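A.B. asks:
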Amino acid sequence: MKALILAGGMGTRLRPLTFSTPKPLLPLLGRPMVMHIIDSLPGEVDTVVLAVSYMKDQLEDFFRKNDCGRRVVLVNEDEPLGTGGAIRNVRQHLDDTFFCFNGDIISSLDLSDLLSFHKRHGGIGTLSLWQVPDPSAFGVVGLDRDRIIDFQEKPVPGRAISDLINAGVYVFQPELLDHIPPGVVSLERQVFPKILDKGMHGYRFQGYWVDCGTPESYLRAQSELLEHGRSLNNAFVQGSKVIGLNYLDRANLKGCVVGPHVCALPGSSVADGSVVERSVLMEGATVGKDCTVKDCLLGPGAKVDDGKSVQGKVLAYFQ
Ligand code: GDD
Ligand code: MG
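For the numbering used here, add 245 to where a residue sits in the sequence shown, where the first one is 1.
(1) Could you round the C-beta distance between residue 259 and residue 384 to whole angstroms and report it? I think they count as a contact, below 8 Å.
(2) Could you give the DSSP three-state label for residue 516: helix, strand or coil?
(3) Would residue 449 pass as a contact of residue 374 if the rule is Cβ separation under 9 Å?
(4) Counting Cβ pairs, one atom from each stretch, are 3 or more of them under 8 Å apart for the segment 326-340 and the segment 414-425?
(5) Which value, in whole angstroms, describes the spacing of the CA atoms of residue 535 and residue 348?
(6) Return yes when the Cβ of residue 252 is within less than 9 Å of the Cβ of residue 572, no when it is not.
(7) State yes or no: is the C-beta of residue 446 within less than 9 Å of the C-beta of residue 371?
(8) By the DSSP assignment, the alpha helix (DSSP H) with residue 307 in it spans what residues?
(9) What is the DSSP secondary structure of residue 337, reduced to helix, strand or coil?
(10) Considering only heavy atoms of the ligand GDD, does any lie closer than 8 Å to the CB of residue 326?
(11) With a threshold of 6 Å on Cβ separation, who are the neighbours of residue 394 within its own chain once the five nearest residues in sequence on each side are excluded?
(12) Using a Cβ cut-off of 9 Å (strictly closer), state whether residue 339 contacts chain B.
(13) Around the Cβ of residue 519, are there at least 16 other Cβ atoms within 10 angstroms (buried) or fewer (exposed)?
(14) What span of residues does the beta strand (DSSP E) with residue 483 cover, start to end?
(15) Kindly give me the distance between the Cβ atoms of residue 508 and residue 497, rounded to whole angstroms, as I take these residues to be in contact under 8 Å.
(16) If distances are taken between C-alpha atoms only, which option among 275, 265, 256 comes closest to residue 525?
(17) If we call anything under 9 Å between Cβ atoms a contact, is residue 250 one with residue 296?
(18) Which first and last residues belong to the alpha helix (DSSP H) in which residue 263 is found?
(19) Would you decide whether residue 456 is buried or exposed? Buried here means 16 or more other CB atoms lie within 10 Å of its CB.
(20) In the DSSP assignment, the beta strand (DSSP E) including residue 352 goes from what residue to what residue?
(21) Could you tell me whether the Cβ atoms of residue 454 and residue 354 are closer together than 9 Å?
(22) Put residue 269 into one of helix, strand or coil per three-state DSSP.
(23) Is residue 349 near the ligand MG - that is, is its Cβ less than 8 Å away from at least one heavy atom of it?
(24) Report the three-state DSSP secondary structure of residue 545 (helix, strand or coil).
(25) Please go through the same chain and pick out, in chain order, the residues whose beta-carbon is closer than 6 Å to the beta-carbon of residue 502, but skip the five residues on each side of it.
(26) For residue 452, does the count of other Cβ atoms within 10 angstroms reach 16, so buried, or fall short, so exposed?
(27) CB residue 427 to CB residue 333, shorter than 9 Å?
(28) Would you kindly work out how many angstroms separate the C-alpha atoms of residue 365 and residue 288, rounded to a whole number?
(29) Roughly how many angstroms separate the alpha carbons of residue 367 and residue 444, rounded to a whole number?
(30) Using the beta-carbon count (16 or more within 10 Å), is residue 523 buried or exposed?
(31) Taking the beta carbon of residue 473 as the centre, do at least 16 other beta carbons fall within 10 Å, making it buried, or is it exposed?
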């Protein structure tokens, strides 16, 4: 069975990090986002097709160097074709029921259960669904029992037809391809509303779900993974206090207070008198002396100078 991962978006909401790294390769607890998806695939998936465009060379390079235990095929779009166009562009690889993923989703979804739900219900596709208080930033479905009867992409706040959103993980039949026109096509805006009569079902699940597309949600995804048992501490902790659940991988922490929900990757460091909470320090990121860093994403080599307080910032090396 094949799994298609849509991995060609520009990740604009995570700039400046995505100026140097494509979103699917940004690390969550030290592992690229896309690998969290690949790790969760059921055993019957033997081939992963990645629809790539933005920074495809980095993705190619990553999969050349890292074995993920499955055949990986990258298919490039010279110009991004949108989520629908990207699926059409890989059609030569899709000859049977397939999984399809937005490449920025972290969740507790049971994919084997999603697949058996799809097979039980039949129809052209099954969308995983997640309940949120404000659905306006997502695709929203109208459901009649398990059947999707309406779809709105990013409705105006207050106009959503329900609080159930498209969680960005699907099972499709290859017949979907007959309904995607050539060119730049949005799966959500141009295709879903037109194929509801072909049998589209909604699969609700519990646990956790995060679209890691914004700095705030990236940190939320990290918190979920930590709360669900992925913490680590092998940092060099010299006179530092570590609070709560964190992922501290060979970071240098000296005379500081770190945690909860901090990820500090190899070569990152925090100096005397500083406090770091709910943040990411990628490889080689440094926090100087007497700093406060809260809710921040520090890219590889990014630096917070002595005495600075930063909150809710995304910092890259070149800033
Ligand atoms: N190959 C390719 N080409 N991939 C693309 C393109 C493209 O032109 N455009 C977007 N993608 C990929 C992105 O890399 C991402 O993995 C996925 O498609 C979804 O794009 P986002 O830009 O993250 O969309 P979104 O978060 O605003 O909305 C989507 O996800 C929500 C759930 O997280 C929609 O599917 C919503 O309906 C859904 O609720
Ligand atoms: Mg997204």
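We treat Cβ as the ideally placed atom computed from N, Cα and C, and that holds for glycine.
All figures in this text were calculated on a predicted structure; none of them were measured in a lab.
C.D. replies: Considering the structure as presented:
(1) In fact, because the Cβ distance is near 20 Å, the residues do not count as touching under 8 Å.
(2) coil
(3) yes
(4) yes
(5) 37 Å
(6) Residue 572 cannot be examined here, being either before or after the span of the chain that is shown, 246 to 564.
(7) yes
(8) 301-310
(9) helix
(10) yes
(11) 387
(12) Here there is only one protein chain, and chain B is not present.
(13) buried
(14) 481-483
(15) Not confirmed; about 15 Å, so no contact.
(16) 275
(17) yes
(18) 262-265
(19) buried
(20) 350-352
(21) yes
(22) helix
(23) yes
(24) coil
(25) 486, 520
(26) exposed
(27) yes
(28) 20 Å
(29) 7 Å
(30) buried
(31) exposed
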